[in-house]
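J.: Input: one structure, supplied below.
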Amino acid sequence: MWLTPEEVLLKNALKLWLMERSNDYFVLQRRRGYGEEGGGGLTGLLVGTLDSVLDSTAKVAPFRILHQTPDSQVYWSIACGANREEITKHWDWLEQNIMKTLTVFDSNEDITNFVQGKIRGLIAEEGKHSFAKEDDPEKFREALLKFEKCFGLPEQEKLVTYYSCSYWKGRVPCQGWLYLSTNFLSFYSFLLGSEIKLIISWDEVSKLEKTSNVILTESIHLCSQGENHYFSMFLHINQTYLLMEQLANYAIRRLFDKETFDNDPFLDDPLQITKRGLENRAHSEQFNAFFRLPKEETLKEVHECLLWIPFSHFNTHGKMCISENYICFASQDGSLCSVIIPLREVLGIEKTNDSSKSVIISIKGKTAFRFSEVKDFEQLVGKFKFKCGAASTQHYDISTEVAIGFDSTGPSDNLEARSVTCQKECSKTVNTEALMRVFHPQNLETLNSKMLKEKMKEQSWNILFAECGRGVSMFRTKRTQDLVVRGIPETLRGELWMLFSGAVNDMATNPGYYAEVVEQSLGTCNLATEEIERDLRRSLPEHPAFQSDTGISALRRVLTAYAFRNPKIGYCQAMNILTSVLLLYAKEEEAFWLLVAVCERMLPDYFNRRIIGALVDQAVFEELIRDHLPQLTEHMTDMTFFSSVSLSWFLTLFISVLPIESAVNVVDCFFYDGIKAILQLGLAILDYNLDKLLACKDDAEAMTALNRFFDNVTNKDSPLPSSVQQGSNVHDEKSSHISVDITDLIRESNEKYGNIRYEDIHSMRCGNRLYVIQTLEGTTKQNVLRVVSQDVKLRLHELDELYVIFKKELFFSYYWCSNYPVLKHHDPSLPYLEQYQIDCQQFRVLYHLLSPWAHSANRDSLALWTFRLLDENSDCLINFKEFSSAIDIMYNGSFTEKLKLLFKLHIPPAYIDVKSQDPSKGDELSKEELLHFSQLHVSMPANEKEAKSVRNIPEKGKGKVDIQAYLSQWQDELFKKEENIKDLPRMNQSQFSQFSKTLYNLFHGDPEEESLYQAIAVVTSLLLRMEEVGRKLHSPVSSAKGCSSTVCASGGPSTVKTESHLEEKDPSSLKKEPQWSFAFEQILASLLNEPALVRFFEKPIDVKAKVENAKTSQLRSRTRM
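Here it is in structure tokens:
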């Protein structure tokens, strides 16, 4: 590797380096201790340790080239190499291309300048194709070289970053280097002759957390395949942990959670992932989550500044965050003030002329925002004007206080105008009023105490709107949160849900979208629409709105439209309950966008086939219970109780367990605070019932106590009529139980658990996502092993290790090929056996690693034929059950079973005539040739064709699942009889010839090689004599004429036509020369007469040793390929 020229003092360097070659201008040196017997003694050990611990060029490569000029003590390092071959190439290039040129220069200074310029040019040329795009390319190139040298991973493996740290081996810290790449965490240390090399793939990580104890002040704990690893002494542990967390979750999503991965174009190409890119992505995700912006927004700039708060008459300090379409502000001085300004609302942008460095942004609704002490404010104003195309507005007199007025008459007129388009297009079908206004209009003439309280709430919000503004750009403060906790008034609920959830932005930027989707989805019929129809009448059935066709039709349209928009989710149970509540308070189009906000942003991955998001948040909830209610965790023997209880809490936002009049207050808080509100309320409920739960003896008793509590939660201020309220009558009947007001419960949850931070929840979500998905994968594995173990002789632990190797080989294909076709077949909703399947290329790699017959010269052909035999449905993929059945016969099969497998490999449909296009490779096949031959279909004997036509294997992953076809297939497998050897087709001349060659190849290298060769020669000549005698018996007149193309009676040898359409013999010669064939019984009987052959096939094979060797060499074999 060429290095940027750097000065080296040779006087000090001679202690660590030995000179190997030199001339007038260059010196080639070798690191002391490298390549010497015994490692160069004590000096070599010390040098090796120094290289590992220090961050220097020396630690990277044991060879280097220095540039020198005569009579100078200063040398320049210009190249280094990991091995002698690499450094020799550099040396030869210098001698051939540089040495002759240097003689023309007059001064040493000119020579040095020329060499330095040439080397820098070479580095720049290399950099065009290099992955090193970090802040310090030179240092990163050195690290990349050591990473490649130490771990031998394929060159496509992208190094993201590296850190100096300590790895704890027992109680001993080992100082070394941690390398984070797209698919692996790698660690290398060399201390006093002791080398530690660790490679962990991210998809194996089940736990990742920051920990601290007495010995380790702060460390990163990682759990992989049941083993714990600890890393400490980082310079920036938080930054390191964040990157590890991102890389682990990226791998998990790419390999196990394809549903969400497909929606993320950033992760499509692993080679494009960089440290800076990951950091920017993390900041953008936090930005979008905090301000509830569309997922497509990317954080571009952050500026510290002051924002003038007109109603408080002071400047609050915070950060201005800028994306493509939004300017946002969040305070950092404890005032909890935030503002969102969509660029679509901006009318004008001005800068001030004084020293305050102020930017004034005017928006629709007669509102202006003043940001002061903004760094580079002049450039920022220019960017804003360019983005929104805003013309300069009136000049502000900045010498006096900026007067800012708010239009508090109602929500943004612009939003109303935009929705008109949708309403006109779909006015006949889409409801333009919230169902609550239609079915429960407020009667101002009959004002009771509850209605008066409701009016007081409305007045409080109107006062807030007058001060803080109304609509998407209103100031959000602690006062806003207090009003939300008290409960949003019925008339404002839909508007404020849209505002706090960010759905208002989605609807404003997609005018008319809902009407189009409704029109396109009308009349569609699929699995999702069938499930929707089934659940329509179960959605708030006691509410009058959903006892009428108006409510049911609106619910149907919204759910069907969303299933059409997002077919990956389609429809999931609990969506109907949530949507029915949204329709009560929001217009139909607004309810649709609220559902989009919940499913795609606020509750990610909740509503998919495996409800991963809900399971993750349950795990977060359990973690919070352990932290805040330790006495409860000590009492409960099994934490899964909380998971079973809380699943409906998270999926329906408590709507399914609380009376509707109380549940809507919870939804208010959810749209304002996100999942934090649900977690806080869950903790408050458990805390309120703590004494009762501690007194419970079992889960059933605890469940009853919680259900009774929910029945007694009331909302004393709810203005809903008693016919709609679900909790009003319950309290009267069960007066012995104390009722709890939902407002008090929510307020208590905020007071006790309001200190839970969004950042902590996000981190816990990431950590628990690893655990949840690995748990689901563990369940898949156990189910697969349970099914497969019934049909093979391999022990359960052997099957377990085989499954790990099988799955790992599949993942290796995903690691370095972003558009690998098999990846598209991974679908967690499929039956367990079909979730992971390999193609012929992957099978060949596993065959080479695991098969006891892999030493054969024609092993590629054997792997191909075995794959074709196992691929019964001809989809060019095989599952683990099929794979393990072949491996099981090779290891544990009897003499007859092994011979039968070999026999079937040499007859159709498995057998195909294989010849490599490159004669120099011999029997080795390229990847393209292998995949081509695996896809070819060969004609089969009639009896097998009939058998296959009966077997109706259902198509996978397309449309509705054909349950009857699966049941039929299952029944066939249950009643499948042992294959009779008499049913096997006969083997013809060319097939028998290949069969004999295969046996010769298998025997090569065996201790009894000579006797085995003799035995197979005896068997072959015996079979040929038997065939000749049989032919004469059946054709006494003329064997040449009588056996031209007749099929003889069963029991003796017969003449058959070659089955393969790839047979290369001349057809005319086949007619002249009679073809002979053998039945399996004949070959079996002949081979049984040779003890050497029987011993060879019945010789026990050490499965454990073979599997262990496969595990250690699996990654190396991929590197070689």
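The numbering used here puts the last residue of the sequence shown at 1177; the count rises by one with no breaks.
Yeah, the Cβ is synthetic: ideal placement off N, Cα and C, and Gly gets one too.
Note that this is a predicted model, so its numbers are computed, not measured.
#1: Grouping DSSP H, G and I as helix and E and B as strand, with all else coil, what is SER375?
#2: Taking just the CA atoms, how far does LEU298 sit from LEU291?
#3: Which residues mark the beginning and the end of the beta strand (DSSP E) in which ARG821 is found?
#4: Tell me, to the nearest whole angstrom, how far the beta carbon of ILE968 is from that of LEU987; I am working on the premise that it is less than 8 Å.
#5: Helix, strand or coil for SER464, going by three-state DSSP, please let me know.
#6: Identify which residue in LYS356, PRO715, GLU283, PHE1152 has its Cα closest to the Cα of SER262.
#7: Flag this pair as yes or no: are the beta carbons of GLU514 and LEU555 separated by less than 8 Å?
#8: Specify, as a first and last residue, the run of the beta strand (DSSP E) that MET75 falls within.
#9: Drop a sphere of 10 angstroms on the beta-carbon of TRP149, count the other beta-carbons inside from all chains shown, and report buried for 16 or more, exposed for fewer.
#10: Are the beta-carbon atoms of MET658 and SER557 separated by less than 8 Å?
#11: Alpha carbon to alpha carbon, what distance is there between SER609 and LEU634?
#12: Round the Cβ separation of LEU735 and PHE677 to the nearest angstrom and send it over; I've been treating them as touching at under 8 Å.
#13: Does DSSP put ILE625 in a helix, a strand or coil?
#14: Given that a residue counts as buried once 16 or more other Cβ atoms are within 10 Å of its Cβ, and exposed if not, what is CYS444?
#15: In whole angstroms, give me the CA-to-CA distance for SER288 and ILE255.
#16: What residue range does the beta strand (DSSP E) around ASN284 cover?
#17: Under three-state DSSP, which class holds ASN169?
#18: Are the segment 240-248 and the segment 198-209 touching, with three or more C-beta to C-beta distances below 8 Å?
#19: Around the C-beta of CYS524, are 16 or more other C-beta atoms found within 10 angstroms, so that it is buried, or is it exposed?
#20: Classify ILE1157 as buried or exposed, calling it buried when 16 or more other Cβ atoms lie within 10 Å of its own Cβ.
#21: In this structure, does DSSP put ASN948 in helix, strand or coil?
#22: Can you give me the C-alpha to C-alpha distance between GLN85 and ILE121, rounded to a whole angstrom?
#23: Ignore the nearest five residues each way along the sequence and tell me which others in ALA913's own chain have a CB closer than 8 Å to its CB.
#24: Does ASN164 come out as helix, strand or coil in the three-state DSSP assignment?
#25: Measuring straight from C-alpha to C-alpha, what distance separates TYR81 and PRO126?
#26: Within the segment 1137-1175, note down every full alpha helix (DSSP H) run reaching 4 residues or more, in order along the chain.
#27: Assuming ILE417 contacts VAL402 under a Cβ cut-off of 8 Å, what Cβ separation, rounded to an integer in Å, is found between them?
#28: Run through DSSP, which three-state label would ASP797 get?
#29: Based on the DSSP output, what are the partners of TRP58 in its beta bridges?
#30: Quick check on DSSP: helix, strand or coil for HIS1228?
#31: Near ASP259, what residues of its chain come up, given a Cβ to Cβ distance below 7 Å and the 5 sequence neighbours on each side ignored?
#32: Taking Cβ to Cβ, would you say LEU1055 is nearer than 8 Å to ILE1072?
#33: What residues match up with GLY404 in a beta bridge as DSSP calls it?
#34: Using the Cβ count rule (16 or more neighbours within 10 Å means buried), how would you classify MET946?
#35: Tell me, which residues are paired with SER242 by DSSP?
#36: Return the residue from the list ASN745, ALA719, LEU278 that minimises the CA-CA distance to ALA733.
T.: Looking at the coordinates:
#1: The residue asked about is misnamed: residue 375 is Lys in this sequence, not Ser. Three-state result, LYS375: strand.
#2: 14 Å
#3: Careful: ARG821 lies outside any beta strand (DSSP E), inside the alpha helix (DSSP H) at 814-844.
#4: So it is not a contact: roughly 13 Å between Cβ atoms.
#5: Its pLDDT being 42, under 50, SER464 is placed unreliably by the model, and the measurement read from it follows with that caveat. The answer is coil: DSSP assigns SER464 none of H, G, I, E or B.
#6: GLU283
#7: no
#8: 73-78
#9: exposed
#10: yes
#11: 16 Å
#12: 6 Å
#13: coil
#14: buried
#15: 17 Å
#16: 283-288
#17: helix
#18: yes
#19: buried
#20: exposed
#21: helix
#22: 6 Å
#23: GLY978, ASP979, ASN1057, HIS1060
#24: helix
#25: 7 Å
#26: 1147-1154
#27: 6 Å
#28: strand
#29: ALA135
#30: Outside the shown range of the chain, which is 57 to 1177, sits residue 1228, and nothing can be said about it.
#31: ALA307, ILE308, LEU311, PHE867
#32: yes
#33: SER418
#34: buried
#35: TYR235, ILE255
#36: ALA719
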